[in-house]
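Peer 1: Quick note: the sequence shown uses my numbering, first residue 65, plus one each step. Note that the Cβ used here is the ideal one computed from N, Cα and C, for glycine as well. None of these values were measured; they are calculated from a predicted model.
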Amino acid sequence: MEVTAEGAQLHRAPAEDSEERAALPGGTLLSNRGCDAAQGGVVWCEVAPLDMGKPGYVRAAQLAPARGPDGVIPTGRDDSKKRARAKDYDDRSEIACAQEQGQALGTCAAAIARSGGGDATVVATFPNGFARQLYFTHGAFMRGSSTMSGVGTDMDWERAEGMYVIRVDDQRFVIPQGFLLGEEAGVLE
Numbered sequence: 065m066e067v068t069a070e071g072a073q074l075h076r077a078p079a080e081d082s083e084e085r086a087a088l089p090g091g092t093l094l095s096n097r098g099c100d101a102a103q104g105g106v107v108w109c110e111v112a113p114l115d116m117g118k119p120g121y122v123r124a125a126q127l128a129p130a131r132g133p134d135g136v137i138p139t140g141r142d143d144s145k146k147r148a149r150a151k152d153y154d155d156r157s158e159i160a161c162a163q164e165q166g167q168a169l170g171t172c173a174a175a176i177a178r179s180g181g182g183d184a185t186v187v188a189t190f191p192n193g194f195a196r197q198l199y200f201t202h203g204a205f206m207r208g209s210s211t212m213s214g215v216g217t218d219m220d221w222e223r224a225e226g227m228y229v230i231r232v233d234d235q236r237f238v239i240p241q242g243f244l245l246g247e248e249a250g251v252l253e
């Protein structure tokens, strides 16, 4: 879901008089956990900001379906994590990567399971066979899988010149946006 242009208030409970947790500017992307009519017939949606902020409630009238970076309005559940675990990939390619801090970028095998709307799971495999899953929601990098290298939430990322430049723990990855969104073919076997 996306907050409409006029913005919205994130409330602690589904009521206008409940504590306001945050002011959400127009365009803020939210994960929708479900909507219900509350007292007075006003429909409220339980939401969580994609940036891992506190969850809360927003009036449904202040929300709209959000298009992913590929132009798709995602529907249903993101099944990319489940498909990646089952090795049911949409594509394969190679990406730039480094496994250790200070190491020069090398090459990793990459496999991707996509759910549309920018939701995807990339499995990056280093030359030594160590693999890490990278999770994307609505085209935004969310986190890496937990490994012996770390829990996957010590991270930093940016999108620059059509590339996702990602750091998770001490590992680094450079992923073409076209690979994530299915705009460029990899080498699926």
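If we ignore side chains and look at the alpha-carbon of each, how far apart do threonine 68 and leucine 94 end up?
Peer 2: Their Cα atoms are separated by approximately 11 angstroms.
Peer 1: Cβ of valine 107 within 7 angstroms of Cβ of alanine 124?
Peer 2: Yes, Cβ-Cβ distance for valine 107 and alanine 124 is below 7 angstroms.
Peer 1: Going by C-alpha distance, which of Val238, Leu88, Phe243, Gly105 is nearest glutamate 70?
Peer 2: Taking only the C-alpha atoms, the option nearest glutamate 70 is Leu88.
Peer 1: Could you have a look at arginine 207 and say whether DSSP puts it in helix, strand or coil?
Peer 2: Note: arginine 207 maps to strand in three-state DSSP.
Peer 1: From the DSSP output, in three-state form, read off serine 179 for me.
Peer 2: Strand.
Peer 1: Could you give the distance in angstroms between the alpha-carbon of glycine 208 and the alpha-carbon of glycine 104?
Peer 2: So the two alpha carbons sit approximately 42 angstroms from each other.
Peer 1: Do alanine 175 and leucine 169 have their beta-carbon atoms positioned less than 7 angstroms apart in this structure?
Peer 2: Result no, Cβ atoms of leucine 169 and alanine 175 do not sit closer than 7 angstroms.
Peer 1: Which residues in the same chain as lysine 151 place their Cβ atom closer than 8 angstroms to its Cβ, once the five residues preceding and following it in sequence are excluded?
Peer 2: For lysine 151, where only same-chain residues beyond five positions count, the Cβ hits under 8 angstroms are Ala175.
Peer 1: Measure how close the beta-carbons of alanine 162 and arginine 236 come, nearest whole angstrom, since I'm counting them as under 8 angstroms.
Peer 2: Right, the Cβ-Cβ distance comes to about 5 angstroms (below 8 angstroms), so this counts as a contact.
Peer 1: Alpha carbon to alpha carbon, what distance is there between aspartate 154 and alanine 184?
Peer 2: Distance between the alpha carbons of alanine 184 and aspartate 154 is about 10 angstroms.
Peer 1: In the structure shown, what three-state DSSP assignment does leucine 245 receive?
Peer 2: It is helical.
Peer 1: Is the separation between the beta-carbon of aspartate 134 and that of serine 179 shorter than 7 angstroms?
Peer 2: The answer is no: Cβ separation not under 7 angstroms.
Peer 1: Measuring straight from C-alpha to C-alpha, what distance separates leucine 252 and glycine 246?
Peer 2: Confidence at leucine 252 is low in this model, with a pLDDT of 48, below 50, so the placement of that residue should be treated as unreliable; the coordinate-derived value is given next. Going by the C-alpha atoms only, they are around 12 angstroms apart.
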